[in-house]
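**Student:**
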Amino acid sequence: MTLNKDLKKLPASIQGYVDSPEKQRKLYRRTLTTVIISQIFGGAGLAAGITVGALLAQDMLGTDSFTGVPTALFTLGSAAAAFLVGRLSQRYGRNLGLGMGFLAGSLGAIGVVFAAMTNSLILLLISLLIYGGGTATNLQARYAGTDLANSKQRATAASTAMVFTTFGAVAGPNLVNVTGDLALSLGIPSLAGPFLLAAAAYGLAGIVLLVFLRPDPLLVANAIALHRKDDDNASSLKEEVNQRAEKRGITLGAIVMILTQIVMVAIMTMTPVHMRHHGHGLSEVGLVIGFHVGSMYLPSLVTGVLVDKIGRTAMAVASGITLLLAGIVAAVAPTDSLVVLIVALSLLGLGWNFGLISGTAIIVDATTPANRAKTQGSVDVLIALAGASGGAISGMVVAQSSYAMLTVSGGILSLLLIPIILWRRQEKSENQFSL
């Protein structure tokens with residue numbers, strides 16, 4: 018089924034929702050439930066690459082200079098996947114786009130396991146690219162919860178979906194030793210163990226969406242929007258003003274999420290390597306990353322309410338300030354202090370959370386169902402490329418200077434959000450005055 022611009026040709030399964038607000042509310046709640054279940058599995062899948070991707074590459078490459086490459090690769094893969102998932106979702110609906118994205122991530126995780134078994138660097142690099150499909154899909158799933166939400170529910174809807182990612186994302190890093198022991202018992206290198214979990218988790222997430230995300234929320238939202246447009250007699254001037262506002266909103270939302278992604282990925286990528294260099298074991302690395310990932314997702318429900326209540330731009334500014342604090346704390350953390358590293362990485366996750374949810378809400382506000390999934394996919398491509406850049410550069414920065422230099426530089430970069438937000442507010446006020 019494709020998005021159809023002719024209301025007369027809509028299937029009965031969707032037409033019934035166009036005419037019934039009560040059915041829309043029920044579908045909204047059912048959609049959130051389905052997305053929540055998929056996100057629990059998806060969170061477990063994405064944690065593997067975060068926790069041991071750099072360490073696996075370190076073992077296979079024998080050098081630290083390119084330990085950011087795995088993160089860069091699966092983030093680059095997520096860029097391609099974000100584009101494809103966005104296009105598939107726009108044309109055929111969220112269930113097909115998101116379902117196929119998660120299944121691609123599962124296939125990539127299986128490839129990483131085989132690469133570790135055969136010590137094949139080429140297979141590892143290819144598999145990490147494909148594995149990135151799960152990362153992109155896990156992020157894009159947050160949009161599915163917003164398709165049927167009103168303007169005062171959008172950030173809350175996105176964050177509700179994200180908060181349940183915490184369960185899988187926190188469990189994943191803390192199962193490093195368990196999955197490592199399982200891998201060894203199967204004759205697989207221990208660092209590949211978390212990717213066994215990722216393969217199963219992403220596969221289950223994809224199946225849940227393909228089977229249960231019906232009727233598709235984006236298809237229904239598009240039909241509702243077309244129905245309202247037929248009844249709308251707004252002037253062409255109003256439409257032109259709205260189009261300009263949409264473009265500016267998309268640009269602002271993208272910038273917020275891109276900057277927060279660069280800073281978060283760069284610091285997160287090198288933290289496990291930094292810890293291993295100073296005598297911390299895999300269980301300690303897993304604990305720090307577990308707190309980090311938990312802080313990325315667990316505060317989401319509160320963040321969503323704050324974004325809806327006090328505003329998108331205010332929370333975007335809070336993101337920049339929190340990321341700066343994270344960089345400073347990480348830079349001054351004693352190398353043997355697990356507690357201070359946990360605080361730094363928790364602040365890093367929280368700052369990313371503020372930026373992602375506020376940016377997501379800005380993007381949803383600036384799009385319509387007719388162009389939403391495609392636009393969201395394109396923005397997520399830029400976010401993924403930003404993360405790939407952060408991951409690739411992080412190892413080089415640390416090799417040439419230090420981990421402290423990386424974290425402080427990231428914190429300073431995040432402050433760019435403040436003048437960008439202030440400029441956007443001033444421009445918006447001027448435009449409103451001119452009208």
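Residues in the sequence shown are numbered consecutively from 18, following the numbering used here. Beta carbons are placed, not taken as given, at the ideal position from N, Cα and C, and that holds for glycine.
(1) Tell me the residue span of the alpha helix (DSSP H) that contains residue 329.
(2) Can you tell me the Cα-Cα spacing of residue 89 and residue 406, whole angstroms?
(3) Do residue 45 and residue 230 come within 8 angstroms of each other at the CB atom, strictly closer than that value?
(4) Got a sec, what are the start and stop residues for the alpha helix (DSSP H) residue 211 sits in?
(5) Exposed or buried, residue 204, counting other C-beta atoms within 10 Å across all chains shown (16 or more means buried)?
(6) So for residue 205, helix, strand or coil by DSSP?
(7) Could you check how far apart the C-beta atoms of residue 180 and residue 317 are, in whole angstroms? I think they sit under 8 angstroms.
(8) By a C-beta neighbour count over all protein chains shown, 10 Å radius and 16 as the cutoff for buried, is residue 309 buried or exposed?
(9) Give me the residue from 188, 191, 189, 210 with the minimum Cα distance to residue 198.
(10) Quick check: the Cα distance between residue 295 and residue 206, rounded to an integer number of angstroms?
(11) Look at residue 105 and residue 157 and say whether their C-beta atoms are less than 8 angstroms apart.
(12) Can you list, in chain order, the residues of its chain whose CB lies under 6 angstroms from that of residue 348, leaving out five sequence neighbours each side?
(13) I think residue 94 touches residue 150, with their Cβ atoms under 8 angstroms apart; what is that distance to the nearest whole Å?
(14) Please confirm if the region 356–372 is in contact with the region 383–394, defined as three or more CB-CB distances below 8 angstroms between the two stretches.
(15) I'd like to confirm something about residue 403: is its beta-carbon nearer than 7 angstroms to some heavy atom of the ligand HEM, or not?
(16) Alpha carbon to alpha carbon, how far is residue 394 from residue 40? Give it in angstroms, no decimals.
(17) Taking the alpha-carbon positions, what's the residue 305 to residue 152 distance?
(18) Where does residue 32 fall in DSSP's three states?
(19) Is there contact between the region 47–63 and the region 214–233, where contact requires at least three CB pairs shorter than 8 angstroms?
(20) For a test of the three-state rule: what should DSSP assign to residue 169, helix, strand or coil?
(21) What would DSSP say about residue 294, mapped onto helix, strand or coil?
(22) Between which residues of its own chain and residue 344 is the CB-CB distance below 6 angstroms, once the five residues before and five after are set aside?
(23) Could you pull out every residue in the same chain whose Cβ sits closer than 6 angstroms to the Cβ of residue 134, ignoring the five residues on either side in sequence?
(24) Taking a contact to mean a Cβ-Cβ separation below 8 angstroms, would you say residue 410 touches residue 271 in this structure?
(25) Kindly indicate which residue of 435, 418, 412 has the alpha-carbon position closest to the one of residue 74.
(26) Taking 7 angstroms as the limit between beta carbons, can you name the residues of its chain near residue 162, skipping five residues before and five after?
(27) Considering Cα atoms alone, identify which of 328, 355, 341 is closest to residue 292.
(28) Specify the secondary structure class of residue 110 as computed by DSSP and reduced to three states.
(29) Quick one: complete beta strand (DSSP E) runs, 3+ long, within the region 115–182?
(30) Grouping DSSP H, G and I as helix and E and B as strand, with all else coil, what is residue 353?
(31) May I have the straight-line CA-CA distance separating residue 313 from residue 399, to the nearest angstrom?
(32) Pick out whichever of 351, 327, 364 has its Cα sitting closest to the Cα of residue 339.
(33) What does a CB cutoff of less than 8 angstroms around residue 449 pick up in its chain, not counting 5 residues either side in sequence?
(34) Go through its chain and collect everything with a Cβ distance to residue 36's Cβ below 7 angstroms, but skip five positions before and after it.
(35) Short of 7 angstroms in beta carbon distance, which residues of its chain neighbour residue 435, apart from the five on each side in sequence? Order them along the chain.
**Tutor:** Let me lay it out:
(1) 329–349
(2) 6 angstroms
(3) no
(4) 210–229
(5) exposed
(6) coil
(7) 4 angstroms
(8) A buried status is given to residue 309, since no fewer than 16 other beta-carbon atoms sit within 10 Å of its beta-carbon.
(9) 210
(10) 23 angstroms
(11) no
(12) 421, 424, 425
(13) 6 angstroms
(14) Flag = no, the region 356–372 and the region 383–394 do not touch.
(15) Here there are no bound small molecules, and the ligand HEM is not part of this structure.
(16) 28 angstroms
(17) Rounded to whole angstroms, residue 305 to residue 152 spans 20 angstroms at the Cα level.
(18) helix
(19) yes
(20) Coil at residue 169, not helix or strand.
(21) helix
(22) Only residues of its own chain outside the window of five on either side were considered, and among them 424, 425, 427, 428 have a CB closer than 6 angstroms to the CB of residue 344, listed in chain order.
(23) 205
(24) Remark: C-beta atoms of residue 410 and residue 271 do not approach each other more closely than 8 angstroms.
(25) 412
(26) 48, 49, 52, 174, 175, 177, 178
(27) 355
(28) coil
(29) none
(30) coil
(31) 19 angstroms
(32) 364
(33) Caution applies to residue 449, whose pLDDT of 49 falls short of 50 and renders its modelled position unreliable; the value that the coordinates give is listed next. If we look at residue 449 and ignore the five residues flanking it on each side, it has no Cβ neighbours.
(34) none
(35) 334, 337
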